[in-house]
């Protein structure tokens, strides 16, 4: 069985470059000056596997599916496959990033799928633990820019980062969170790593998630936030 499966093509890209498939394809192909990592070493945003492992071990079951959403060419998925010994699925809409994982490992001891995080081709209630290591950040990059420049009074920048485009990035984030909530099984957990974890709390709450635990760094920023869908009442 092939480990790399192209499930669904991504829809039209957003206007924030970090939220576009084209940007990440070029980055992984080495066509950008700030390109990090490659087939031989990979690149991990924000934290590495060793920091995420205790969280996964805490909340995953022996037979549960663990998903790394927006995995790119990261080493996190292979670390999970080598040490957690459960069903691991890496998802990204950039095929070049996934192909670098295959090139690095030969035949990976995990599954990889090219699909858009806004339209997960996964059955509902099937994921034990879903990991986001910068996925929401990339979607909300334009919104974050907008509010940063607004706060700083950078009027010229606001001509580029428009209010309606900022609002559109929020709607995409809501859609992603709706999909994450849909695929999590009863008792499943969402592990979020973000540069703006605290700034995401209102959106997460509004999207039906509650915080179970969090790990703060020396500056009070949440390195990892453990969340679960709120209980629904009939």
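Residue numbers (my numbering): 213 to 446. Built from N, CA and C at the ideal position, the CB exists for glycine as well. The model shown is predicted, which means the values in this text are computed figures rather than measured ones.
Near residue i, what residues of its chain come up, given a Cβ to Cβ distance below 8 Å and the 5 sequence neighbours on each side ignored?
| i | result |
| --- | --- |
| residue 338 | 277, 395, 397 |
| residue 423 | 413, 416, 437, 438, 439 |
What would DSSP say about residue i, mapped onto helix, strand or coil?
| i | result |
| --- | --- |
| residue 435 | strand |
| residue 296 | coil |
| residue 259 | coil |
| residue 427 | strand |
| residue 231 | helix |
| residue 400 | strand |
| residue 237 | helix |
| residue 418 | helix |
| residue 288 | helix |
What does a CB cutoff of less than 7 Å around residue i pick up in its chain, not counting 5 residues either side in sequence?
| i | result |
| --- | --- |
| residue 295 | 265 |
| residue 443 | none |
| residue 441 | 393, 396, 420, 421 |
| residue 308 | 237, 240, 241 |
Within a Cβ cutoff of 6 Å, which residues of the same chain sit near residue i, ignoring the five residues on either side of it in sequence?
| i | result |
| --- | --- |
| residue 302 | 280, 283, 289, 324 |
| residue 270 | none |
| residue 229 | 235 |
| residue 311 | none |
Do residue j and residue i count as a contact pair if the criterion is CB distance below 9 Å?
| i | j | result |
| --- | --- | --- |
| residue 403 | residue 343 | yes |
| residue 391 | residue 347 | no |
| residue 426 | residue 393 | no |
| residue 401 | residue 314 | no |
| residue 336 | residue 236 | no |
| residue 298 | residue 272 | yes |
| residue 405 | residue 259 | yes |
| residue 345 | residue 257 | yes |
| residue 388 | residue 291 | no |
Query raised in the report: Of all the beta strand (DSSP E) runs that stay within the bounds of the segment 301 to 352, which reach a length of 3 or more residues?
Result: 323 to 326, 339 to 345
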